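Q: Take a look at the following structure, please.
Numbering (full-length UniProt numbering), first residue to last: 1 to 887.
Right, here's the structure in full:
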């Protein structure tokens, strides 16, 4: 078991360091004991023990995300696959393990030999009893019959020992002593080697029984990859998975990445000894493809369930199905074991062997436990869906005063600025948390606050500004956890990531404009937009709650009470408002043939399902009967949007894989470019140095190739280069990692040779000539034919995202005839090409398309014949695509 002493770091020679570690341990223990969840530890363990699924509801900051995994760990809910089923063994047990094993094996041999000898004696006694009974039956036979039987017995004696033994039972004239001696002699004359063979056979059977299920059950192909079953915790955001894993490893006093680790898309920091694994919900879905019953895990925790991401909603349905199937299998296995136990117990010859097998079992099949953790009180839907009890953690929330505006605010950014300054000048000490919709607003507010505070008198306490949003480099994101220096106040400008996913200490004031940026998908138009929308009431209360964790606080809502009353009770689940093409492909790959019949917590819109099926059919991932094609299986193998996967596979056929795998990796990261508001003009000029006439895709390639050439000189050079050119260094590093992993996926699928080199390896490989590198890297060396292959590869995935220029200079989308404009950040903003492929459509004050690539209209019907007519390159009506019924 996991004891408290194990958390104390091992003694060091350096006494100062030892004292520091002990102080740190005591500090951590004190912090844990102050958490609201601490008093509920035993109750939670008991609830989990007595229920297959439970719902835990507790406010953000109560400690559930970090403490529940540790409680499970200490209670033994991670299990070693091989060896004794114990969490920890003493040093003596580890040292004497081999000796004990040898001693037990010798003991087994002796027990088996004694059992065989006992069996022989039992057989003799049974035979003697039968012979005495036969004597009484034979007494009435006449002498002639007896003599005939004796003669027949003597004739057959040398031919068949079994027949002699039967005839001997019928002899009347032999007395009991003679019969007994004769039978004993026959058994004792057996060759000693035969008895030894029986002993060896029993030992071999014992070993076979030990490994029988390992050979027969496919689950142990999964077991061999890890040494233990883990406690898995999913998070909707990558930053939360990483920071929580680091926090738990620190609290437990273990090495990060060993006993406690994390796994996100394209990054895995775990080991074969990992017992607690934090991961994104999407990553767990991909693991289900390889481990359908999740035998790698003893417990799955779905954290932040109230956020209802698409991946989380799919996990709800899959886990419910997996738990039922796995637990039925475990129960069936237990019943089978009981029957075999009863059967062996009735046979004395096998009794000791079965007991030995049970005590020395190499593995233990256990049921899957599921824990759903939510920060909102509206948990009845989870409870009804899983048929599970709800346990509420009593919070230690201080009162929070709500302040609404009297009139609606025309300019909420101006209202935010004024409110923050008033708090800083007039309110008591305490940090400020401001919710904004994205990077652009955060950077504008940062600039405005710096301008205003620079005008304050020198005696005014300083206002330290921190910010956090997805595109911000990770090292800068982590700065938000720093405390403000004495005599100053800290203000954090954040997106909704600070609503529940992270906990910031010291917050007493919250400024909430009541808005959030969400991706909204319109299945009728086929367009996905990024729009600013009002939050829900549940989100509003979550935001307000950040102000009352340590002291009484105030939440300044920059909207009226009547506006609050009009808000939706809960945030609309993402599965209802998002493009679910990737989800449908994953479900098909997980053998969910009828997607409509899948057990959704909230079913997606029928039009969204129809659009997803149409897209997958057009990508050749589905047959006309909506079954998965071999090509669809291939696309599902990649942890990508199916459109990106399609472009990647097509590039292998067209011999432009190097460029497209880099493009796909670039389009998979949060933000390649970092454009601070105070240097926007300078940043745009810098990006134009990498300008390519065919659009943003090739411009991104030029940036990436230049980065790799700088990195070839030194890592330090590449970091400096990124800062000078307003490029996100961490994103480019991530692009390199993603490229490497995608190459490995393709090698495993035998799509490319085993010795295929990535672009980064090419730059560092001394055996590759400079001319070859120039051919791959330099735009001037790339042929028009090669550029055309890259364009066609991208069309194979994004054929729906094509727009044509109109006479007024705006663009019309082929899919839905919607009028859009080129985003100002695009390198094509001033060139106005005839036909462009776009990666994303966003809506702010106007619909914009961004990340553009120039394409030729005739290529569309050539690359996507299932979607475009070969005559006029117009989109085929939804109900006439080869008369395919998408349901």
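Where a beta carbon is used, it is the ideal one built from N, C-alpha and C, also for glycine. Just so we're clear, the structure is a prediction, and the values are computed from it rather than from any experiment.
From the DSSP secondary-structure annotation, give me the bridge partner or partners of residue 263.
A: Mapped onto the chain shown, residue 263 falls at position 263. For residue 263, which the question treats as bridged, DSSP gives the partners 268 and 279.
Q: Run the CB neighbour count on residue 692, radius 10 Å, all protein chains shown included, and call it buried at 16 or more, exposed below.
A: Sequence index remark: in the chain shown, residue 692 carries index 692 (1-based). It counts as buried.
Q: According to DSSP, is residue 174 part of a helix, a strand, or is it coil?
A: Here the question's residue 174 lines up with position 174 in the chain shown. Its pLDDT being 48, under 50, residue 174 is placed unreliably by the model, and nothing is read from it.
Q: Ignore the nearest five residues each way along the sequence and tell me which others in residue 868's own chain have a CB closer than 6 Å to its CB.
A: What you label residue 868 is simply residue 868 of the chain shown in a count that begins at 1. Spatial neighbours of residue 868 in its own chain (CB-CB distance under 6 Å, excluding positions within 5 residues in sequence) are listed in chain order as 860 and 861.
Q: Which of the three DSSP states is assigned to residue 627 in this structure?
A: Along the chain shown, one-based indexing puts residue 627 at 627. Correct three-state label for residue 627: coil.
Q: Measuring CA to CA, which of 838, 558, 824 and 295 is closest to residue 418?
A: For this step, residue 418 is matched to residue 418 along the chain shown. Considering only alpha carbons, the answer is 558.
Q: Report the partner residues of residue 230 according to the DSSP bridge assignment.
A: Translated into positions along the chain shown, residue 230 becomes position 230. Beta-bridge pairing links residue 230 to 297.
Q: Where does residue 529 fall in DSSP's three states?
A: Start at 1 with the first residue of the chain shown, and residue 529 comes out as number 529. Residue 529: strand per DSSP, three-state reduction.
Q: Residue 867 by DSSP, collapsed to three states: which one?
A: Sequence index remark: in the chain shown, residue 867 carries index 867 (1-based). The answer is coil: DSSP assigns residue 867 none of H, G, I, E or B.
Q: In the DSSP assignment, what are the bridge partners of residue 391?
A: Taking the chain shown and counting its residues from 1, the one referred to as residue 391 is at position 391. DSSP output for residue 391 lists 56 as bridge partner(s).
Q: Please classify residue 846 as buried or exposed, where buried requires at least 16 other C-beta atoms within 10 Å of its C-beta.
A: Counting from one through the chain shown, the residue named residue 846 turns up at place 846. The residue in question, residue 846, is exposed, as its Cβ has fewer than 16 Cβ neighbours within 10 Å.
Q: If distances are taken between C-alpha atoms only, which option among 279, 827, 613 and 820 comes closest to residue 586?
A: Translated into the one-based positions of the chain shown, residue 586 becomes position 586. The option with the nearest alpha carbon to residue 586 is 613.
Q: Return the residue from the list 304, 709 and 241 that minimises the CA-CA distance to residue 60.
A: The residue you call residue 60 lines up with position 60 of the chain shown. Out of 304, 709 and 241, 304 has the C-alpha closest to the C-alpha of residue 60.
Q: Hey, quick one: how far does the beta strand (DSSP E) through residue 520 stretch, first residue to last?
A: On the chain shown, residue 520 is found 520 positions in, with the first residue counted as 1. Counting along the chain, the beta strand (DSSP E) containing residue 520 begins and ends at 515-522.
Q: Tell me, which residues are paired with residue 695 by DSSP?
A: The residue you call residue 695 lines up with position 695 of the chain shown. Paired residues: 853.
Q: Give the DSSP-derived three-state secondary structure of residue 493 in the structure shown.
A: Here the question's residue 493 lines up with position 493 in the chain shown. In the structure shown, residue 493 sits in a strand (DSSP, three-state: E or B).
Q: Let me know if residue 824 comes out buried or exposed under the rule of 16 or more other beta-carbons within 10 Å of its beta-carbon.
A: Along the chain shown, one-based indexing puts residue 824 at 824. Under the 10 Å beta carbon count, residue 824 is surrounded by fewer than 16 other beta carbons and is classified as exposed.
Q: So, are the CB atoms of residue 791 and residue 836 less than 8 Å apart?
A: As a working note, residue 791 is residue 791 in the chain shown. As a working note, residue 836 is residue 836 in the chain shown. Contact: no.
Q: With contact counted as at least three CB pairs below 8 Å, one residue from each stretch, are the region 32-48 and the region 64-78 in contact?
A: With the cut-off at 8 Å, the region 32-48 and the region 64-78 touch.
Q: Between residue 555 and residue 412, what straight-line distance do the alpha-carbon atoms span, to the nearest angstrom?
A: Taking the chain shown and counting its residues from 1, the one referred to as residue 555 is at position 555. Taking the chain shown and counting its residues from 1, the one referred to as residue 412 is at position 412. Approximately 15 Å between the Cα atoms of the pair.
Q: My guess is that residue 575 and residue 313 are in contact by the Cβ rule of under 8 Å, so how many angstroms apart are they, rounded?
A: As a first step, residue 575 must be located in the chain shown, where it is residue number 575. As a first step, residue 313 must be located in the chain shown, where it is residue number 313. Right, their Cβ atoms sit about 5 Å apart.
Q: Would you list the residues sitting across from residue 534 in a DSSP beta bridge?
A: By one-based count along the chain shown, residue 534 stands at place 534. Paired residues: 515.
Q: Return the residue from the list 319, 827, 640 and 455 that minimises the CA-CA distance to residue 386.
A: Reading the chain shown from its first residue, position 386 is the one you call residue 386. Selected option, being the one with the closest Cα: 319.
Q: Tell me the rounded alpha-carbon separation between residue 297 and residue 283.
A: Taking the first residue of the chain shown as position 1, residue 297 is located at position 297. Taking the first residue of the chain shown as position 1, residue 283 is located at position 283. Cα-Cα distance, rounded: 14 Å.
Q: If you draw a straight line from the C-alpha of residue 673 to the C-alpha of residue 535, how long is it?
A: As a working note, residue 673 is residue 673 in the chain shown. As a working note, residue 535 is residue 535 in the chain shown. Roughly 28 Å between the two C-alpha positions.
Q: Suppose contacts are defined by Cβ-Cβ distances below 8 Å. Is residue 640 in contact with residue 660 by that definition?
A: Within the chain shown, residue 640 is the residue found at index 640, counting from 1. Within the chain shown, residue 660 is the residue found at index 660, counting from 1. It is not a contact, given that the beta carbons lie outside the stated cut-off.
Q: Let me check one thing: in DSSP terms, what residues is residue 63 bridge-paired to?
A: Within the chain shown, the letter at position 63 stands for residue 63. Per DSSP, none; premise fails for residue 63.
Q: Here's the rule: buried if 16 or more other CB atoms are within 10 angstroms of the residue's CB, otherwise exposed. What is residue 160?
A: Translated into positions along the chain shown, residue 160 becomes position 160. Here the model assigns residue 160 a pLDDT of 47, short of 50, so the residue's position is not dependable, and the following value carries that caveat. By the 10 Å Cβ count, residue 160 comes out exposed.
Q: According to the neighbour-count rule (16 or more other Cβ atoms, all chains shown, within 10 Å of its Cβ), is residue 658 buried or exposed?
A: Numbered from 1 along the chain shown, position 658 holds the residue referred to as residue 658. Buried is the call here.
Q: Kindly confirm or deny that the region 796-804 and the region 480-498 touch, where touching means at least three C-beta pairs closer than 8 Å.
A: A contact between stretches requires three or more CB pairs, one per stretch, nearer than 8 Å, and the region 796-804 fails this requirement with the region 480-498.
Q: Do the CB positions of residue 502 and residue 243 come within less than 8 Å of each other?
A: As a first step, residue 502 is located in the chain shown; it is residue number 502 there, counting from the start. As a first step, residue 243 is located in the chain shown; it is residue number 243 there, counting from the start. In this structure, residue 243 lies closer than 8 Å to residue 502 by Cβ.
Q: Once DSSP output is grouped into helix, strand and coil, what is the label at residue 823?
A: For the purposes of this step, residue 823 is identified with residue 823 of the chain shown, where counting begins at 1. Here residue 823 sits in coil by DSSP.
Q: For the alpha helix (DSSP H) containing residue 815, name the first residue and the last one.
A: What you label residue 815 is simply residue 815 of the chain shown in a count that begins at 1. Where residue 815 is concerned, there is no enclosing alpha helix (DSSP H), given that its DSSP letter is neither H nor E.
Q: Tell me where the alpha helix (DSSP H) around residue 554 begins and ends.
A: Position 554 of the chain shown, counted from the start, is the residue given in the question as residue 554. From DSSP, residue 554 is part of no alpha helix (DSSP H) but of the beta strand (DSSP E) over 553-557.
Q: Count Cβ pairs between the region 591-609 and the region 331-340 that sit closer than 8 Å; are there 3 or more?
A: These segments do not touch.
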